[in-house]
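Worksheet for the structure shown next.
There are 2 protein chains.
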Amino acid sequence: MVNAGNAKMIDRGNTETLILDAAMQVFLEKGRHGARMQEIADRAGINKALLHYYFRSKKNLYAEILSRVFRIFYARITEAHRPGLPFREQLRLFIDVYVDMLDSNPRIPLFLAREMSEGGVIVSDFMKRFQQEMDPAVPDLIVSAIEQAASRGEIRRVDPRHFLMSMIGACIFFFVAKPLVLTIFKDSGWMESQAFVAERKQAVFDLLYNGLNPGGISS
Amino acid sequence: MVNAGNAKMIDRGNTETLILDAAMQVFLEKGRHGARMQEIADRAGINKALLHYYFRSKKNLYAEILSRVFRIFYARITEAHRPGLPFREQLRLFIDVYVDMLDSNPRIPLFLAREMSEGGVIVSDFMKRFQQEMDPAVPDLIVSAIEQAASRGEIRRVDPRHFLMSMIGACIFFFVAKPLVLTIFKDSGWMESQAFVAERKQAVFDLLYNGLNPGGISS
DNA sequence: GTCTATATCTCGATAGAC
DNA sequence: GTCTATCGAGATATAGAC
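Going down the list, the protein sequences come from chains A and B. Counting in the working numbering, the first sequence tops out at residue 222, every number present. Counting in the working numbering, the second sequence tops out at residue 222, every number present.
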C-alpha cells in the first residue's frame, strides 16, 4: 500500500495547525463569545475533546488566536516603514500597505474592535510586549518620521500622536462600518467595485498630506 | 397612611422604563451576548420573570435598546447641522458636537462596533428607516454642504463621501481604540486630562480643514 | 403586575475506551 | 492522539401562585 499515508497528507502538518486555522476563522467571524468550540472542531474536521487536549480551554485557544491576529496586524505595519523615504512617500506607502491589509483581512479590525469593547486588556498586553521587544517600536518610528519631516519644513508642525490617530481612524473606519456606510450611500455598486479601494487610499492620502501642508491656514 | 404610595415613587414612571434603563447600561457594557438577563433584572430592582413579561425575549429587549442607542446617536448628529453657516464653522461645529457626544457616551461607538462585527443588519435597517423618514437625511445634508462649499471655492473639490468617512473615522478612532492607544503612548496622564478632548477636536479640525484647502498640493 | 420555582437547553469541559 | 458519551454550570424562558 503505497498510499497508506494519504489521509495524513490532507492535514499537511499536524492537528494543531488544523485547529488553529479553524479557530482563527471562527473567532474572527463570531468573536470570543459568539464562537462555539463545536464549530471549530467541525471546521477542523475533528471533535471537541481534541480541542481540549491540545489547548486546555476555550480561553487559551482564544488567546492563541488573538496573538496570531495581532502578529499579522503588527508585522504588516512594520513592513510599511522605509527609513530613507521622503515623508510624502512614507505616508503614501503606509496608507497603501495599511488599507491593503484591511482590505484582504476585513474581519481583523472588527475582531479587534470587539476585543476593545471587552476591555482590550489582552491586546494591550501584546502591544506592550511588542513595543519592548522590537526596539524602536513601530509607533515611535512613525512619530519620529513626522517630527523629522516637520523639522525639514516638508510639513507643518503637528502633534504626531494626534496625526497618527486621525490617520489610522480615516483608514480603518470604512472597514469597520461597512454595512452602515453601504446603507448611507445607497449606491452599492460603487463600494463593491474593484477601483474603490484604490480610490479610498488616494482620498485619504490627499486629505492628510494636504492637511499637513506647511503653507496652511491658521485655525 | 399618607405615604402608602412611597415605594412607587422610586420608580418614577413605570417598570418598563426601569427595565429599559437597566438594559441599556448592561448591553452597552457587556454587549448582546455578554449581557445577562439576571444582571438587567438586578439593576432594575426586579426579577427575571418580569423582563419576559414586558419584552418577550432577550432578543426583543436588545433590539429595543439598539434602537434607543441609535436614536441618541442620530439625534445628536442632526443637531450639529446649521444650514446657514460657512463651511468652516459647520465643520467645526460638527466635530465639536460629535466628539462631545462620543466623550460623554464612550460606550456607544464600541457598542455599535460590536454590532457591526455581527453583521450590522439591525443598525443598517434603522439607518434605512431614518433616512426615509427624515427628509433630507443627515448624511445628505453634510454631503451637499461640502459640495456647496466647493462650488463657492471655500474648499477644494473632493468626493464628499470619502471626506465624510475620513472625518468620522478620525473623530471616532480614539474612543474605540482607547486601551490600545493608551498603551502606545505610555504617557497616560495626557489622555486622561481635562484638556485632551478639546485638543483632540482642534487637531482633527486643523487637519481636515487644512486638508480641504483649495490652494493645496497636487497628488 | 410581580413574585418563586423550575423547566429546558446550550455549551464548555471531562471520563474513559481504543 | 483520537474518539464517544456524558457531566455540570449557567443561561433563557415559562408555569403558576399571589
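By construction, the Cβ of each residue, glycine as well, lies at the ideal position given by its N, Cα and C atoms.
Return the CA-CA distance between B/A152 and A/I149, expressed in angstroms with no decimal places. When the Cα atoms are used, B/A152 and A/I149 turn out to be separated by approximately 30 Å.
Complete alpha helix (DSSP H) runs within the segment 148-184 of chain B (minimum length 4 residues, chain order): When DSSP assignments are scanned along the segment 148-184 of chain B, the uninterrupted stretches of alpha helix (DSSP H) that are 4 or more residues long and fall wholly within it turn out to be 163-179.
Where does B/M40 sit, in a helix, a strand or coil, going by DSSP? The answer is helix: DSSP assigns B/M40 an H, G or I state.
I'd like to know whether the C-beta of B/E157 is nearer than 9 Å to at least one C-beta of chain A. No, B/E157 lies away from the interface with chain A (no Cβ there is under 9 Å from its Cβ).
Cβ-Cβ separation, B/G172 to A/F176 (assumed contact under 8 Å), whole Å: Sure, about 3 Å apart at Cβ, within 8 Å.
Just the Cα atoms here: how many angstroms apart are B/Y56 and B/L64? Those two C-alpha atoms are separated by around 11 Å.
Whole-Å CB distance - B/L183 paired with A/V126, under 8 Å assumed: Sure, about 6 Å apart at Cβ, within 8 Å.
One question on the structure: do A/A180 and B/M119 come within less than 9 Å of each other, judged by their Cβ atoms? Cβ distance < 9 Å, so A/A180 and B/M119 count as in contact.
Among the candidates A/N213, A/V200 and A/D103, whose CA atom is the shortest distance from the CA of A/I75? Checked all of A/N213, A/V200 and A/D103; the closest Cα to A/I75 is A/D103.
Between which two residues does the alpha helix (DSSP H) carrying A/G87 extend? No alpha helix (DSSP H) contains A/G87, which DSSP labels as neither H nor E.
Go through its chain and collect everything with a Cβ distance to B/V124's Cβ below 6 Å, but skip five positions before and after it. The answer is none, since no qualifying residue turns up.
Helix, strand or coil for B/S251? Go by DSSP, reduced to three states. With chain B represented from 4 up to 222, any question about residue 251 of chain B goes unanswered, as that position is not in the structure.
Three or more C-beta pairs under 8 Å: does that hold for the segment 138-149 of chain A against the segment 131-142 of chain B? Between the segment 138-149 of chain A and the segment 131-142 of chain B there are fewer than three C-beta pairs closer than 8 Å, too few to call the two in contact.
Which residue wins for smallest C-alpha separation from A/D209, given the options A/H36, A/D99 and A/A83? Of the candidates A/H36, A/D99 and A/A83, the one whose C-alpha sits nearest the C-alpha of A/D209 is A/D99.
Does the beta carbon of B/T81 come closer than 9 Å to any beta carbon on chain A? So, not an interface residue.
Sequence-distant residues of the same chain with beta carbon closer than 8 Å to B/R164, five excluded per side: In chain order, V146 place their CB closer than 8 Å to the CB of B/R164, counting only its own chain and leaving out the 5 sequence neighbours on each side.
Distance, Cα to Cα, A/N9 vs A/I68? Confidence at A/N9 is low in this model, with a pLDDT of 39, below 50, so the placement of that residue is unreliable and no value is reported for it.
With H, G and I counted as helix, E and B as strand and the rest as coil, what does DSSP make of B/R117? Helix at B/R117.
Taking 9 Å as the threshold (beta carbon to beta carbon), is A/G192 in contact with chain B? Not a single CB atom of chain B sits nearer than 9 Å to the CB of A/G192.
Taking all protein chains shown into account, do 16 or more other C-beta atoms lie within 10 angstroms of the C-beta of B/P112, making it buried, or fewer, making it exposed? B/P112 counts as buried, since no fewer than 16 other beta carbons sit within 10 angstroms of its beta carbon.
Hey, B/R46 and B/A25: beta-carbon distance below 9 Å or not? Yes, these two residues count as a Cβ contact at 9 Å.
Out of curiosity, what's the CA-to-CA distance linking B/S107 and A/L185? So the two alpha carbons sit approximately 27 Å from each other.
Please classify B/Q93 as buried or exposed, where buried requires at least 16 other C-beta atoms within 10 Å of its C-beta. With 16 or more other Cβ atoms from the protein chains shown falling within 10 Å of its own Cβ, B/Q93 counts as buried.
Distance cutoff 9 Å, beta carbons only. Does A/I68 sit that close to anything in chain B? Judged by the 9 Å Cβ criterion, A/I68 is not in contact with chain B.
When you compare the CB positions of B/A44 and B/L53, do they come within less than 9 Å of one another, or not? Yes, Cβ-Cβ distance for B/A44 and B/L53 is below 9 Å.
Neighbouring residues, chain A, relative to B/H36 (Cβ below 7 Å): Ordered by position in chain A, the residues that pass the 7 Å Cβ test against B/H36 are H36 and G37.
Is DSSP giving B/N9 helix, strand or coil here? Summary for B/N9: the model assigns pLDDT 39, below 50, so the residue's position carries little reliability; its value from the coordinates is reported in the next sentence. B/N9 falls in the helix class under three-state DSSP.
Is DSSP giving B/I22 helix, strand or coil here? Helix.
For B/V184, go through chain A and note every residue whose CB falls closer than 8 Å to its CB, in chain order. By Cβ distance, chain A contributes M168.
For A/N50 and A/Q28, what's the separation of their Cα atoms in angstroms? Using only the alpha carbons, I get a separation of about 17 Å.
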